[in-house]
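Data block below; observations after.
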Amino acid sequence: MEAHKQFKVECLRPEEAWKLFQMKVGRETLNNDPDILQVAKLVAKECDGLPLALITIGRAMACKKTVEEWNHAIHVLKELAFKFSGMDEEVYSLLKFSYDSLASDTLRSCLLYCSLFPEDYKIKIRDLIDCWIGEGFFDEYEAGYSIIGDLLCACLLEEEDYDGLKMHDVIRDMALWLACEIEKKKEKFLVQTSVGLTKAPETRKWEGVKRMSLIGNRIENLFEIPSCPHLSTLFLNKTSLKMINNDFFRFMPSLKVLNLSSNYLIEFPLGISKLVSLQHLNLSSTSIKELPDELKALANLRCLNLGNMHHLHRVPLRLISSFAKLRIFRLFNWELGPVGDNILSGGGEYLVEELLCLKYLKALSIQLNGSCSLGKFLKSQKLHSCTQFLWLEGVEESLSVLSLTGMEHLYELAIISSGLEELKIDYCPGEIQKILESHFFHSLGKVEIYGCIKLRDATWLVFAPNLKDIRINECGDMEEVISVEKCGQVKEEIESLNPFAKLEHLKLFNLRRLKSIYWKPLPFPHLKQITALFCPSFVKLPLDFNNVKERKIVIEVHTHLLEELKREDPPT
1 MEAHKQFKVE CLRPEEAWKL FQMKVGRETL NNDPDILQVA KLVAKECDGL
51 PLALITIGRA MACKKTVEEW NHAIHVLKEL AFKFSGMDEE VYSLLKFSYD
101 SLASDTLRSC LLYCSLFPED YKIKIRDLID CWIGEGFFDE YEAGYSIIGD
151 LLCACLLEEE DYDGLKMHDV IRDMALWLAC EIEKKKEKFL VQTSVGLTKA
201 PETRKWEGVK RMSLIGNRIE NLFEIPSCPH LSTLFLNKTS LKMINNDFFR
251 FMPSLKVLNL SSNYLIEFPL GISKLVSLQH LNLSSTSIKE LPDELKALAN
301 LRCLNLGNMH HLHRVPLRLI SSFAKLRIFR LFNWELGPVG DNILSGGGEY
351 LVEELLCLKY LKALSIQLNG SCSLGKFLKS QKLHSCTQFL WLEGVEESLS
401 VLSLTGMEHL YELAIISSGL EELKIDYCPG EIQKILESHF FHSLGKVEIY
451 GCIKLRDATW LVFAPNLKDI RINECGDMEE VISVEKCGQV KEEIESLNPF
501 AKLEHLKLFN LRRLKSIYWK PLPFPHLKQI TALFCPSFVK LPLDFNNVKE
551 RKIVIEVHTH LLEELKREDP PT
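So, in C-alpha cells, the structure goes:
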C-alpha cells in the first residue's frame, strides 16, 4: 500500500496571522473595548502562525466581549491550551493523525518526551539523545539521529541552528494533551515550565506521575519528600536550586533520568546515590565542588554529564571506571584539583586510564590539559572513535592534524590557552588527498580557539566542510585564518573544496596581527553573522557586498571595513 505523503504546514508571518485572526474574531468584538485589541494580539501570538489554531481560537473568541474573558483565554493558552474550547476536537485531533502515523511506539514516546521542554525552547540534540538513552528507548547513539530524522520528516519537530531542535507551540500543546489526557494511564506528564514557581508542586500532585518537568522556575530549595513510585524522568534544570533535602529522592525507586543542570548547587545531594534505577545524571553547569565515593552505588548509570562544572576539583579515583554500563560521559571546563585520590589532579591522564576501562562507552566529551594527557588519549583508537567534543588546554608546540584521524564523530573542538604554534599539515598533493579520503573532519560543526598566542593561522579549517560556527579570540600572532603561503602548492585543490560553504557564524576578537580571512571573496551561502572586533590590522572582509545586502547578513566590524566593502560595490 502506498504510504501517506507528509506535507509541511507552513506557518503564517506575524502580519498575515494577525489578519486571519481578526477576520475570524470579527471587528465588532475587537472594537467593543479598546483594551481587547491589545490582548487579542497576544492571543493570536500564542498560535505561533499556525492557520488551524488561528481559525479555531478566533472562532471561539468571536463572542467574547470583555477584557476579562480575553485575559482568561491568555492564561488558558499559556497553561493548558488543550482545555481551550475547540482545540482538542478541531486542532489536536487533526494533528494527532501525524502522531498516530508514526511507525513505532518508540517514535511516539520520543515525540511526547520533547514536550517536557519549555515553549520556544532550543532543545540541544545531544542532550535529548542522552535522555532518550537514559530512559531506555534505545541503546545506540545513531538510533537517536534516525528518530530525529523521522520526526523532522513528519514535520513534528523543526531544526533550530545546527545543533538544536524546536517544537512548534501547537505541536507541543498537542503532545501535552496526548500525554496528560489521552494516554495519561501510560504516560502521565506533569509539566510546569517557566511559570515563575518559587515552590515545587504539592507532594500529592507527584503521585502517579511518570515524567515531570519544572525547567525555568525559581525554586531555591526542595525540602518536602514526595512519594512518586512511577516517576522515571525529573527535569529540575534552570530552577535556581541551591539546596536539596537528602531524603528528597527517597521514594523515587523508578527514577531513570535526573537533570539538575544550570543550578546553584554547591554540595552534592547525597540522596542521589540511593537512586538505584538511575541511568542518566546531568550535573552540568552547577557549582558542585566534589563528587562522593557513594556514587559508586549507581550501578545502572549509562550517562553522566559533568560539563562546565567550573568549581569541580575532586572526582575520586576509580569512581568513573566503576560505572560498568556507562555509554555517555561528558567532563570538560573543570578546575585542576589537588593531588591524591582524585582523577582531576593531573592534566587528565588518570581520567583517560579510567575511560579505557569502560567497555560500552559510545559518546565522549572530554577536556585534556597538557601534552602528556593528550599523548595518552591519542594512543587509543577506542576513545578517538567515540569523541564528540574535545577540549584541549595547555598543549605546547605543534600537533599534527593527522593525529586526530579516527574522530569521525567529533562535532566540536576547543583549543584553549595553549602555546600551540600550529596544527601541522604537509600541504602537498599526496598529503591533501590522504586527508580528503579520511573524512575525519566531516562531523565537525564548531571550532573555538582562545588564547593561543603563538598560533599564526588555522588553515586546516578548510578540511572541515560542515563547519557552522568558528570563534577565534586572543591569538596575538595570528595573521591569516587561511594561509595563502601554506596553500601555495595546492591552491586549486583548496579552492575546489568550496571553503566555509556551510558556515553560519564567524566571530573574531582581539587578533592584533590579523590581516585576512581568505585570499579572495567567498560566497558564504549560509552565513548569518560575521564579527571582527579589536583586529586593528584587518583590512578586508572576504565578502561580496551584493550578497550581504540580499541576505541581510549581520556584520559587526569597525567602520573602515564596512566602508571598504561598500566601495567595492559597483554602481547600478
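Counting with full-length UniProt numbering, you get residues 1 to 572 for the letters of the sequence shown. In this text, a Cβ means the ideal position worked out from N, Cα and C, and glycines have one as well.
Whose C-beta lies closer than 7 Å to the C-beta of residue i among residues of the same chain, with five residues either side of it excluded?
i    : result
E15  : none
M1   : The predicted model places M1 with a pLDDT of 33, which falls under 50 and marks its position as unreliable, so this point remains unresolved.
Q381 : G406
F500 : L467, L522, F524
L112 : A175, L178, A179, E187
L30  : Q22, I36, L37, A40
S403 : L378
N71  : V39
Excluding the five sequence neighbours on either side, which residues of its own chain have a C-beta within less than 8 Å of the C-beta of residue i, listed in chain order?
i    : result
K242 : E220, N221, N263, Y264, L265, I266
K166 : D120, Y121, K122, I123, L157, E158, E159, E160
F534 : F509, N510, L511, R512
V401 : L423, K424, I425, I435, W460, F463
L503 : L467, K468, D469, I470, F524, H526, L527
I288 : L265, I266, E267, F268, M309, H311, L312
T572 : With a pLDDT of 45 at T572, under the threshold of 50, the predicted position of this residue should be treated as unreliable, and no value is reported.
E564 : V539, K540, L541
L107 : I147, D150, L151
R13  : G49
S240 : N217, R218, I219, E220, N263, Y264
W206 : L190, M212, P226, S227, C228, L231
Along the chain, where does the alpha helix (DSSP H) that runs through residue i open and close?
i    : result
A175 : 169-177
D35  : 34-46
Y145 : 141-153
G375 : 371-378
C110 : 105-114
Y350 : 349-355
L128 : 125-135
I328 : Here I328 belongs to no alpha helix (DSSP H); instead the beta strand (DSSP E) covers 328-331.
L20  : 14-25
E160 : Segment 158-160 is the beta strand (DSSP E) holding E160; no alpha helix (DSSP H) there.
K491 : 491-496
Excluding the five sequence neighbours on either side, which residues of its own chain have a C-beta within less than 6 Å of the C-beta of residue i, listed in chain order?
i           : result
E480        : D457, S516
H384        : G406, M407
G216        : P118, T193, S194, K238
W18         : A44
I320        : E354
L351        : I343
S398        : E421, E422, K424
L298        : L278
L304        : L281, F329
residue 573 : There is simply no residue 573 to check, as the chain begins at 1 and stops at 572 in what is shown.
H409        : Q388, S443
L497        : V462
What are the boundary residues of the beta strand (DSSP E) that includes residue i?
i    : result
W391 : 387-393
A414 : 412-416
L304 : 303-305
K166 : 164-166
So, does the CB of residue i fall closer than 8 Å to a CB anywhere in chain B?
i    : result
G406 : Of the chains in the structure shown, none is chain B; there is only one protein chain.
Bridge partners of residue i, per DSSP?
i    : result
V257 : T233, H280
Y450 : I416, N473
S398 : E422
L30  : Answer is none; L30 lacks a bridge partner.
Q381 : Answer is none; Q381 lacks a bridge partner.
Compute the minimum distance between the beta carbon of residue i and the heavy atoms of the ligand GDP, and state whether it is under 7 Å.
i    : result
D247 : Of the ligands one can find in the structure shown there are none, so the ligand GDP has no counterpart to examine.
- Any contact of the stretch 442-449 with the stretch 481-489, i.e. 3+ C-beta pairs under 8 Å? no
- Item | the stretch 332-343 in contact with the stretch 373-382 per 3-pair CB rule at 8 Å | no
- Query: Should the stretch 319-332 be regarded as contacting the stretch 352-371, the criterion being three or more beta carbon pairs within less than 8 Å?
  - Reply: Segments in contact, yes.
- the stretch 169-182 contacting the stretch 128-148, beta-carbon criterion three pairs below 8 Å: no
- Any chance you could list the beta strand (DSSP E) runs of at least 3 consecutive residues sitting entirely within the stretch 505-567, in chain order? Every beta strand (DSSP E) of 3 residues or more that sits fully in the stretch 505-567 is shown, in chain order, as 505-509, 529-533, 554-557.
- Item | Segments of 4+ residues assigned as alpha helix (DSSP H) that fall wholly inside the stretch 178-243 | none
- Take every Cβ of the stretch 136-149, pair it with every Cβ of the stretch 196-216, and state whether three or more of those distances are shorter than 8 Å. no
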